[in-house]
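Peer 1: Sharing a structure with you now.
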Amino acid sequence: MTEYSVIDDRDEFERACALLAEGEGPVAVDVERASGFRYSQRAYLVQVFRRGAGVFLFDPPAIGDFTALQSAIGGEEWVLHAASQDLPSLRELELEPTSLFDTELGSRLLGHDHVGLAAVVEETLGITLKKEHSAADWSTRPLPDAWLDYAALDVLHLVDVRDVLAAELVEQDKVEIAAEEFAATLTRVPKPPRTDPWRRLSGLHRVRGPRNLAVARALWEAREQYAQQQDVSPGRLVPDRSLVAAVLAAPSSKHALASLSDFTGRASRTQLDRWWAAIEQGRAATDLPKERVPSDTLPPPRAWSDRNPEADARLKAARPLIEARAAELNMPTENLLTPDHLRRVAWEPPAATAEAIGIELANLGARPWQIAETAQRIADAFVEAAQSVEAAEEAGS
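Structural data, given as structure tokens:
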């Protein structure tokens, strides 16, 4: 018999919240979803640990209202691993920390080579965790005992890990850096929904012509609607490659669609009427999508020497300086400065001063500590790049 059980009873939930409120220190929190199985990213299990209280496993669909848990722990520091992944699901339950410590992000800032939960627990505490159920369907009921043990271990050691990492942050003089990063994780605004989410269809680059794109759009939307109704991951109904195959095959009838060997998936035949109706809808559409849509995505750096030689020179001058500073700070370059931020200021720079570059980096979302560490270095690199370009032009004239 497992040591842990899922709390799905209201009275038991209230008692657990009371115990957590009486516990001591930070609160470890984790979430299990059913990604790849369900349409939604809702939480199907919430795990909580606090010293003096113990581990509790809560069943969100059964409990519903988590106000008591928020009241019990909302004012405490929450310890999460890769918090940005779990915060959206927690917020759906109106569970929101006022402060957090992210053990995954903290490990990155400290320069740990491996930052997965199992690796961090083993490196900091010498305890080996098995991660065999991380991709399980957590909407399953009842949850197997082995899964419950796994879920409990995800939070049982997390506060101890936090304490070890906090001490390392002091040793490396990164306490303020970590505080800014944790606060940014907590306050980060979600990205707005994509204008044309159907364009994320894998393999869409093979589809040519506005009419065929309209069919692809209609098939994607039909699958999305059905997946949401059934709360099933869209790809489990009909994979992306099957939708694209149907578009490329251009079947002349519902029977021809059913005969396509590449049109697979558990709903490919049971919902054949739905898919054929979508194909007909796409073929009759009058609002045909454009083949190319405006995008603020920058070209890949390998194309810069032809597309924007001055920007290429700026990027090539600045990037080694940022990488060198990251090495000095013992952290990944992407944690010192998001690569896209550097590319954007290099592609279309403000004045080549630390102040102007710092303002632009702040507008892009860089934190104050990142700006302090990088803005002057970038400005110096941009000036050097401009001088090199001028010297090359004078030598060639």
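Quick note: to get my numbering, add 794 to the position in the sequence shown (first position is 1). Cβ atoms here follow ideal geometry from the backbone N, Cα and C, with glycine treated the same way.
1. My guess is that L1054 and A1072 are in contact by the Cβ rule of under 8 Å, so how many angstroms apart are they, rounded?
2. From D1106 to A1179, what does the alpha carbon distance come to, in whole angstroms?
3. Using alpha carbons as the reference points, say which of Y944, D931 and S883 lies closest to L911.
4. Does the separation of the CB atoms of F843 and F807 fall below 8 Å?
5. Closest to G1029 by C-alpha separation, out of A1052, L1109 and S1062, would be which residue?
6. Could you check where the alpha helix (DSSP H) with A1145 kicks off and where it finishes?
7. Check the DSSP bridge columns for I921 and list the partner residues they point to.
8. Let's see if you can read the secondary structure: which residues bound the alpha helix (DSSP H) around S883?
9. Please classify G900: does DSSP put it in a helix, a strand, or coil?
10. Taking K925 as the reference, give the member of R935, T934 and L942 with the closest Cα.
11. In chain order, what are the residue ranges of uninterrupted alpha helix (DSSP H) at least 4 long that sit wholly in the stretch 809-884?
12. Under the three-state reduction of DSSP, which class applies to S1027: helix, strand or coil?
13. Just how far apart, CA to CA, sit T796 and D939?
14. Which term fits Q1022, buried or exposed, when burial requires 16 or more other beta carbons within 10 angstroms of its beta carbon?
15. For the alpha helix (DSSP H) that contains G910, what are its first and last residues?
16. Within 10 angstroms of its Cβ, does V914 collect 16 or more other Cβ (buried), or is it exposed?
17. For V1009, count neighbouring Cβ atoms within 10 angstroms of its own Cβ and tell me buried if that reaches 16, exposed if not.
18. Would you mind stating whether P820 and Y838 have Cβ atoms separated by less than 8 Å?
19. Straight-line CA distance for R809 to S933?
20. For a quick check, are the C-beta atoms of Y798 and A930 less than 8 Å apart?
21. In the structure shown, what three-state DSSP assignment does S928 receive?
22. In the DSSP assignment, what are the bridge partners of S893?
23. Give every residue of the same chain whose Cβ lies closer than 6 Å to the Cβ of A866, excluding the five residues on either side of it in the sequence, and list them in chain order.
24. Who are the near neighbours of D824 in its chain, counting only those whose CB is closer than 6 Å to its CB and skipping five residues on each side?
25. Could you please give me the residues that DSSP links to I801 through a beta bridge?
26. Quick one, are the C-beta atoms of L904 and Q966 less than 8 Å apart?
Peer 2: Taking the definition as stated:
1. Counting from one through the sequence shown, the residue named residue 1054 turns up at place 260. Counting from one through the sequence shown, the residue named residue 1072 turns up at place 278. Actually they do not touch by this definition, with Cβ atoms about 14 Å apart.
2. Taking the first residue of the sequence shown as position 1, residue 1106 is located at position 312. Taking the first residue of the sequence shown as position 1, residue 1179 is located at position 385. Distance from the CA of D1106 to the CA of A1179, rounded to the nearest whole angstrom, comes to 9 Å.
3. Position 117 of the sequence shown, counted from the first residue, corresponds to residue 911. Selected option, being the one with the closest Cα: Y944.
4. To locate residue 843, count along the sequence shown from 1; it is residue 49. To locate residue 807, count along the sequence shown from 1; it is residue 13. Contact: no.
5. For the purposes of this step, residue 1029 is identified with residue 235 of the sequence shown, where counting begins at 1. Looking at the Cα atoms, S1062 is the closest of the given residues.
6. Your numbering for residue 1145 matches position 351 in the sequence shown. Segment: none, A1145 is in no alpha helix (DSSP H) and carries neither H nor E.
7. Here residue 921 is taken as the residue at index 127 of the sequence shown, counted from 1. DSSP, once it has assigned bridges, lists no residue as partnering I921.
8. Start at 1 with the first residue of the sequence shown, and residue 883 comes out as number 89. A877 to E886 is the extent of the alpha helix (DSSP H) around S883.
9. Here residue 900 corresponds to residue number 106 of the sequence shown, with the count starting at 1. If DSSP states are grouped into helix, strand and coil, G900 belongs with the helices.
10. Here residue 925 is taken as the residue at index 131 of the sequence shown, counted from 1. The option with the nearest alpha carbon to K925 is L942.
11. 854-857 and 861-867
12. In the sequence shown, counting from the first residue as 1, residue 1027 sits at position 233. Three-state DSSP puts S1027 in coil, outside helix and strand.
13. As a working mapping, residue 796 is identified with position 2 in the sequence shown. As a working mapping, residue 939 is identified with position 145 in the sequence shown. Note that T796 has pLDDT 49, beneath the 50 cutoff, so the model's placement of it is unreliable and the number below is only indicative. Looking at the two C-alpha atoms, the distance is approximately 5 Å.
14. As a working note, residue 1022 is residue 228 in the sequence shown. Burial call: exposed.
15. In the sequence shown, residue 910 corresponds to position 116, counting from 1. From DSSP, G910 is part of no alpha helix (DSSP H); its letter is neither H nor E.
16. Mapped onto the sequence shown, residue 914 falls at position 120. With 16 or more neighbouring CB atoms inside 10 Å of its own CB, V914 falls in the buried class.
17. As a working mapping, residue 1009 is identified with position 215 in the sequence shown. Counting the other CB atoms within 10 Å of its CB gives V1009 a total of 16 or more, which places it among the buried residues.
18. The residue given as residue 820 occupies position 26 in the sequence shown. The residue given as residue 838 occupies position 44 in the sequence shown. For P820 and Y838, no; Cβs fall outside 8 Å.
19. Counted from its first residue, the sequence shown places residue 809 at position 15. Counted from its first residue, the sequence shown places residue 933 at position 139. Their backbone Cα atoms lie some 24 Å apart in a straight line.
20. For the purposes of this step, residue 798 is taken as residue 4 along the sequence shown, with counting starting at 1. For the purposes of this step, residue 930 is taken as residue 136 along the sequence shown, with counting starting at 1. Contact: no.
21. The count along the sequence shown starts at 1 and reaches residue 928 at position 134. Residue state, collapsed to three classes: coil.
22. In the sequence shown, residue 893 corresponds to position 99, counting from 1. Partner(s): E871.
23. Residue mapping note: residue 866 aligns to position 72 of the sequence shown, counting from 1. C811, L814 and A815, listed in sequence order.
24. As a working note, residue 824 is residue 30 in the sequence shown. Correct list, in chain order: Q841, D948 and V949.
25. For this step, residue 801 is matched to residue 7 along the sequence shown. In the DSSP output, where bridge partners are listed per residue, I801 has F852.
26. Looking up residue 904 in the sequence shown gives position 110. Looking up residue 966 in the sequence shown gives position 172. Cβ distance < 8 Å, so L904 and Q966 count as in contact.
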